[in-house]
Amino acid sequence: MAKFLYLVLLFITAALSSFAQNVDSLKNTITPDSLGRWYAGNTIPRKQFKVATFIAPAVLMGYGFAAVYDKGPLQQLDLSTKAELQEDHPLFAAHVDDYLQFAPAAAVYALNLSWIKGKHNLFDATMLYATSAAIMGVSTHFVKQGVGRERPNGNGQNSFPSGHTASAFMAAEFLHQEYNDVNPWIGYAGYFVATATGTLRLYNNKHWFSDVVAGAGFGIASTKIAYLIYPYMKQIFNKKKEGKFTLMPFYQPGASGLMLSGRL
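Numbering (mature numbering (1 follows the signal peptide of the UniProt record, and there is no 0)), first residue to last: -20 to -1, 1 to 244.
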């Protein structure tokens, strides 16, 4: 496991190094309007639903649910992973995962402020991230309450799925969606950071291995769903905004007040 974490961190370093080498060339070739972004004005085209895009997160979540109720090899993998980590690193306590989970999302804003634009402007990107967070937060909360799995350290009955891991992979998918067309390495770096977050949850003895795997699935799926439904949400919002209302005083014998008129 220690070797695995080392490899994960090594991949993150390599990804960030590759990204840093490309930043200067990106700045010289990309301007705010040269990306061919697929939105125009206040309209965002609707994305087509494709089953294939949800296969990976569905498999990750399915593995997690199977492990929760399994009494065989999947349960043994959870137990052996915990035992090995605790034997090798009994005093390990690093809380960087509390902050690392937000790093891929923060990268979206940092890149935008550096004039390296993604698919959406900052307002739409923020709304997409907020929608993803809402979907992820609600889904993981109810699953945690419904499953009631005890944490490996015995501190709580809300182990499944890992919320930190879900948050990290939600942000990683957000970064991937926004910048994969600009430079795929940016998206890869986000996933490496998310993987490191999940690995740290195991080292800190806060989650079982299957909690982390399922959390990754919940996070990825939440962002993918947000990108599917946001164009419909924005269309509804724009229609309401276009409605014209007029507020005017009125007076007639025996009554007076304000009258609101308009159209939706």
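Just so you know, even glycine gets a beta-carbon here, dropped at the ideal spot from N, CA and C. Keep in mind the model is a prediction, meaning the values are calculated, not measured.
I'd like to know whether the C-beta atoms of residue i and residue j end up nearer to each other than 7 Å.
{"i": "F189", "j": "D58", "result": "yes"}
{"i": "D191", "j": "S142", "result": "yes"}
{"i": "L155", "j": "A87", "result": "yes"}
{"i": "N49", "j": "V193", "result": "Per the sequence shown, residue 49 should be read as Tyr rather than Asn. Taking 7 Å as the Cβ cut-off, Y49 and V193 do not qualify as a contacting pair."}
{"i": "I115", "j": "I205", "result": "yes"}
{"i": "L54", "j": "A196", "result": "no"}
Here's the rule I'm using: 16 or more other beta-carbon atoms within 10 Å means buried, otherwise exposed. How should residue i be labelled?
{"i": "S94", "result": "exposed"}
{"i": "E130", "result": "exposed"}
{"i": "A113", "result": "buried"}
{"i": "H121", "result": "exposed"}
{"i": "P37", "result": "buried"}
{"i": "Q125", "result": "exposed"}
{"i": "A63", "result": "exposed"}
{"i": "S60", "result": "exposed"}
{"i": "G98", "result": "buried"}
{"i": "Y89", "result": "exposed"}
{"i": "Q56", "result": "exposed"}
{"i": "P132", "result": "buried"}
Give the straight-line distance between the Cα atoms of residue i and residue j, rounded to the nearest whole angstrom.
{"i": "D161", "j": "K51", "result": "43 Å"}
{"i": "G21", "j": "F103", "result": "Because G21 sits at a pLDDT of 42, beneath the cut-off of 50, its placement in the model cannot be relied upon, and the point is left open."}
{"i": "F72", "j": "T145", "result": "18 Å"}
{"i": "T177", "j": "A74", "result": "11 Å"}
{"i": "Y34", "j": "W165", "result": "Tyr is not the amino acid found at residue 34; the sequence shown has Phe there. F34 and W165: Cα-Cα distance of roughly 21 Å."}
{"i": "A148", "j": "N92", "result": "20 Å"}
{"i": "Y159", "j": "A105", "result": "11 Å"}
{"i": "I209", "j": "L108", "result": "9 Å"}
{"i": "residue 263", "j": "S139", "result": "Since the displayed the chain opens at -20 and closes at 244, residue 263 lies outside it and no answer follows."}
{"i": "Q28", "j": "A169", "result": "26 Å"}
{"i": "I96", "j": "Y171", "result": "19 Å"}
{"i": "P211", "j": "V123", "result": "27 Å"}
{"i": "F(-10)", "j": "N163", "result": "Low local confidence applies: a pLDDT of 41 at F(-10) is under 50, so the model's placement there is unreliable, with the coordinate-based value given in what follows. Going from the Cα of F(-10) to the Cα of N163 covers about 16 Å."}
{"i": "G117", "j": "G199", "result": "9 Å"}
{"i": "G134", "j": "K214", "result": "44 Å"}
Can you tell which of the options has its C-alpha closest to the C-alpha of residue i?
{"i": "T111", "options": "M150, M41, A90 and A73", "result": "M150"}
{"i": "V31", "options": "Y43, N135 and A201", "result": "A201"}
{"i": "E153", "options": "G117, V173 and N138", "result": "V173"}
{"i": "Q66", "options": "M213, Y79, N184 and Y207", "result": "N184"}
{"i": "T203", "options": "H187, L80, S119 and N163", "result": "S119"}
{"i": "T175", "options": "I209, I96 and L80", "result": "L80"}
{"i": "G167", "options": "N133, P84, K97 and V123", "result": "P84"}
{"i": "H187", "options": "G136, F29 and A46", "result": "G136"}
{"i": "A46", "options": "G134, V127 and N101", "result": "V127"}
For the ligand GTP, I want to know if residue i counts as a neighbour, meaning its beta carbon is within less than 6 Å of at least one of the ligand's heavy atoms.
{"i": "Y212", "result": "You won't find the ligand GTP in this model; it holds no ligand whatsoever."}
With DSSP as the reference, label residue i as helix, strand or coil.
{"i": "A36", "result": "helix"}
{"i": "L71", "result": "coil"}
{"i": "P53", "result": "helix"}
{"i": "Q28", "result": "coil"}
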